[in-house]
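In order, the protein sequence lines correspond to chains A and B. Heads up: the first sequence begins at 4 in my numbering, then just goes up one per residue. Heads up: the second sequence begins at 149 in my numbering, then just goes up one per residue. No residue lacks a Cβ here, since even glycine has one placed at the ideal position from N, Cα and C. Notes follow once the structure below has been shown.
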Amino acid sequence: MSLWSRIANVFRGDRLSREIDEEFEAHIREAIERGRDPQEARRAFGSRLRQRDESRDIRVVAWLDSVRADTVFGWRQLMKRKVTSGAAILSLALAIGACTSAFRLIDALLLRPLPVAAPEQLYALWRHEIFFDGTPQTFDGWAYPAFRLMRAAVKDQAELIALSYAERTDLTYGSDEEMEKAQVQYVSGWMFNSLGLRPALGRLFTERDDLTPGAHPYAVVSYDYWSRRFGKDPKVIGRTFRMDGSLFQIVGVAPDSFTGTEPGTMIDIFLPTMMNRSVERADSTWMRTIARVKPGVAIEPVRDKLNAISLAFERERAKTFTGMSKQSTDNWLKQAVFLEPAAAGVSGLQSDYRLSLAALAVLVVLVLLIACANVANLMTAQASARAREMALRVSIGAGRWRLVQLVLVESGWLAFLATVAGGLFAWWSAPFVVGRINPANNPARLVLPADWRVFGFGLALAISVTFLFGLAPALRASTVKPASALKGGDDPHSRRRLMHSLIAVQVAFCFLVLFVAGLLTATFERLSNLPTGFSSDRLLTLQSVTERPQRPAVWEQVAEHLRALPGVETAVLAEVPLLSGYTSNNGVSVNGAPPNDVLAYFLAISPGWLDAMKIPLLDGRDFTPGDTNPGAAIVSAAFAKEFFHGENPVGKAFEEASDDGKRTTFRVVGLVRDARYRDLRGPMLPVAYLPFHGTGEADFGRVGRATFIVRTAGPNPFTVAPMLRREVARAHPGFRVSNIRTQSEINESQTVRERLLAMLALFFAVVALVLAGVGLYGVLDYSVLQRRREIAIRMALGAKGADVAWRVTAEILSTVLVGACTGLFFGLISVRYIESLLYQVKATDVAMLAAPWLTVLVATLLAAVPAVMRAVKIDPMVILRAE
Amino acid sequence: MPKADSLQGSLDLLVLKILSRRPRLHGYAIMSAIQQMSGDVLRAEEGSLYPALHRMEESGWIHAEWITKDTGRRARLYTLTAAGKKQLAAEESRWQAVTLAINRVLRMA
């Protein structure tokens, strides 16, 4: 109560002073009324000013009162120089906004604990493994039978939860024509209970919903999906949908805060793991495993137990690997389980973007530091203009600390306004970046709350920024020597030294940002200009499904129907489009030898596919309708090199060797040039193309999903997309297009991350350059202003313009040089950390080094022009007379 | 006997005591009361009275209000609060204890 009134009194200072005065006045009048001599009464009262101050200090929080006064004064100072303050605030706001934005992304993706009970007890199970082809990797996928064994083994120490990789799946609440997509995840029935979640509506799964394969056709929907898809209709309970030929019934709605355990994907529908078709397969790793370790249980013994079980499981399974070489099998069994804390959930987006986000965070911090250096220089320059004011304050009794506070409060104003503006920028930019993380048809969805974590970060940023750029000028102001400052002869060089070292720092950081941005941009450039080996020009891919699997001949009929349509140049069939991310691989054996360690990749195509993709035949022929699968194959150049030692394979045979020892013989009918199959990076994979007519053996020669590849006649393939969608459904009953994409879109989705990184890095490079340029300009301009007497004297003594220009810029040029060298040094060091983000780009490339050098040099020259002009134009007569 | 501000430490006690007997007094009246009741021995200087009043007000022991007198001028009147009554009791007993102790020392020495 008392402290509060004292704080409140700070903000009604004038009234408080008036009241105190009035009380004193009343006292004196009273004394006079009682017959005391007025003069004597006043004298007895003593110094009223001192008394008022004393009373005032009792009734206010003194330091707060001084801060209030400084705040008002600081605001007036800012308003006095609207343009420079505005520029300072804008540049800071951009940098602070970018930092806050980066923090929001990193926090949302990697740091923020899941909104579940005791998230710190959650761990994700991973394996270090050596893949069949000898490359080491880490993997978090598990087969359900292995999961079941592991769960039983550690049930006293930890609860294991199975979670499938979320997948955008077709499903319908009505007829097949009304198919829609939703993010579906299979989860253990006990997940909700283990995570301490309560239903928003209906019920959640329990252990009893996850006992028998195929026996629990129930679904829990997320709150977000319930709101978006059903407008929060409570009658959603009991509704059914059909997915993959099975009917599911919605039994409940998950709580509002819970969007799944995969940051980057918001789950729409949860299904019990028992409903997944692969639940009993030992060879399908379709799910992640999360462990909730009980409190007080040591992690290492749990890990050892899990590792032993997992290894025993794989060893048992390896006995069936008859199709593999001993070396491959031994490699495979060198795997080891490890546990990673998963309080923030676990997702592919995390692994993909961890390093990228860290690199971006470093870039934005550098930009922030550049902006801070700018503002610090601005404040220093202004402090010189205000040296007399400071000196005056010291002479009339202001303490040093009061001066530091005065300048810091002014800096605080700048930081505060910049943080508010930066907060708005972050509010807009973080979702903007998230929207560009994934391909357009499946954007990443990240919960980006603006809560106390973000607010706290912004506040901490504002405070540290205040001290970063405010402390040096503040301390300098406080050491002002009244005698020399008031005489007008403060040492100007010390101030210039501070400004120049800040410029060197700025240039170093700017160089670093430019350098890294150059590397990232070149990476993207090289990746997107990489020859794919096929032509994506005017190519549409129609991923299609049928209600019931159909014979390949029926698929061919539909393709035939599409070929006859106007606007269609050609239409062919393939299992999947190239570069779609889907792969099918197996060992290959030639002449009955044991299979190679290198895997071959397979794709079923229809006759004409090679033509449509413009993949040239090097030898042999394309498939004809008479070719069979198994039977005929067309192989790529890389395949010929790998398995036929570079000899012409046409006419020769090879065997496809499955894990289970089954061998299928193919005769090579054609050899084609290499085309990108799985990704753009890495070497060309050995690919064998097989005739589409024989695929789908599991369903007795029927196929339930395949892709029509259509080359359109018009330049914009999208114009015919809706028509093609209709025609596929019309061509044969039960056929439906599930996803239409252009081939270019698929190619681009391979470089989404690189594009995003390059775009953001380039943006920050431009910002850094502009800020550093503005900083350089300001310092040069200031130094010319300060040295105008010296320059005037030199000119009066006969110095030429070039000489003056050199004198003005020489110092700053050497500063820039030092800065750029430092930046280069740090650049070469830092490149090690981002190596995995780069592609075919070396830090030591001359072009990579020269570009930032040139850019910094040009920026320096541009920034120097106005100052040099000003220096050269100095009229000695005017300046010297004025002094 | 010096009339100076010899009230070290006891000004609060006197002010609280006076206000407990006679509520609603202004500063001048409190000052006069100390002088009169002490038989002109004790005297509170304005320089210490007002800071003391304002401090006690901030501590919540006394409460101040502005009134307009018949003359039209305003005066600030002080009243003891409940917290002030407690404080008075504490100060009074402390004072008694101290004087008792001092007297004992004087007698024994």
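Item	Value
Cutoff 8 Å: residue 460/A Cβ touching any chain B Cβ	no
Where the region 208-222 of chain B meets chain A: residues whose CB sits under 7 Å from a CB there	208, 221 and 222
Between the CA atoms of residue 727/A and residue 543/A - distance to the nearest angstrom	10 Å
Residue 501/A versus 844/A, 383/A and 80/A, residue with shortest Cα-Cα distance	383/A
Collapsed DSSP secondary structure at residue 382/A in the structure displayed	helix
Coil, strand or helix - residue 184/A by DSSP	strand
Cross-chain neighbours of residue 35/A in chain B, by beta carbon under 7 Å	Neighbours of residue 35/A on chain B: none; closest Cβ ~10 Å, over 7 Å.
Cβ-based burial, residue 413/A [other Cβ within 10 Å; buried from 16]	buried
Inter-residue Cα distance where the pair is residue 701/A and residue 189/A	Any answer about residue 701/A is weak, because its pLDDT of 49 lies below 50 and its placement is not dependable; what the coordinates show is given next. Those two C-alpha atoms are separated by around 24 Å.
Rounded straight-line distance, which links the Cα of residue 229/A to that of residue 204/A	10 Å
Contact residues within the region 190-205 of chain B, judged by C-beta distance below 7 Å to chain E	Here the protein chains are A and B, and chain E is not one of them.
Buried or exposed by the 16-neighbour rule on C-beta atoms within 10 Å, applied to residue 694/A	buried
Whether residue 286/A touches residue 224/A by CB criterion (8 Å)	no
Endpoints, beta strand (DSSP E) assigned at residue 343/A	339-344
Simplified DSSP state of residue 782/A, which is helix, strand or coil	helix
Counted within 10 angstroms of its Cβ, other Cβ atoms place residue 800/A as buried (16 or more) or exposed	exposed
Alpha-carbon spacing of residue 329/A relative to residue 657/A, whole angstroms	20 Å
Span separating the alpha-carbon of residue 227/B from that of residue 202/B	12 Å
Within 8 Å, strictly: CB atoms of residue 741/A and residue 509/A	no
Minimum Cβ-Cβ distance from residue 20/A to chain B less than 8 Å	no
Beta-carbon gap between residue 129/A and residue 283/A smaller than 8 Å	no
Contact set between residue 232/B and chain A, taken where Cβ atoms lie within less than 8 Å	Simply none; closest approach about 13 Å.
is_contact[residue 175/B, chain A] using C-beta, thresh 8 Å	yes
The region 17-25 of chain A touching the region 48-58 of chain A, judged by at least three CB pairs closer than 8 Å	yes
Burial state of residue 169/B (16 or more Cβ within 10 Å)	exposed
is_contact[residue 43/A, chain B] using C-beta, thresh 8 Å	no
Complete runs of the alpha helix (DSSP H) confined to the region 303-374 of chain A [at least 4 residues]	329-335
Chain-ordered chain B contacts of residue 61/A [CB-CB under 8 Å]	199, 202, 203 and 206
Test item: CB-CB of residue 541/A and residue 715/A under 8 Å	yes
C-alpha gap between residue 877/A and residue 381/A, whole angstroms	23 Å
Cβ-heavy atom distance, residue 518/A to the ligand ZN, below 7 Å	Summarising the ligand content, the structure contains no ligands, and the ligand ZN is consequently not present.
Spatially closest choice to residue 812/A from 802/A, 792/A, 836/A and 784/A, by CA coordinates	784/A
Any C-beta of chain B under 8 Å from that of residue 65/A	no
Contact with chain B by residue 32/A, beta-carbon distance below 8 Å	yes
Range of the contiguous beta strand (DSSP E) that encloses residue 275/A	272-275
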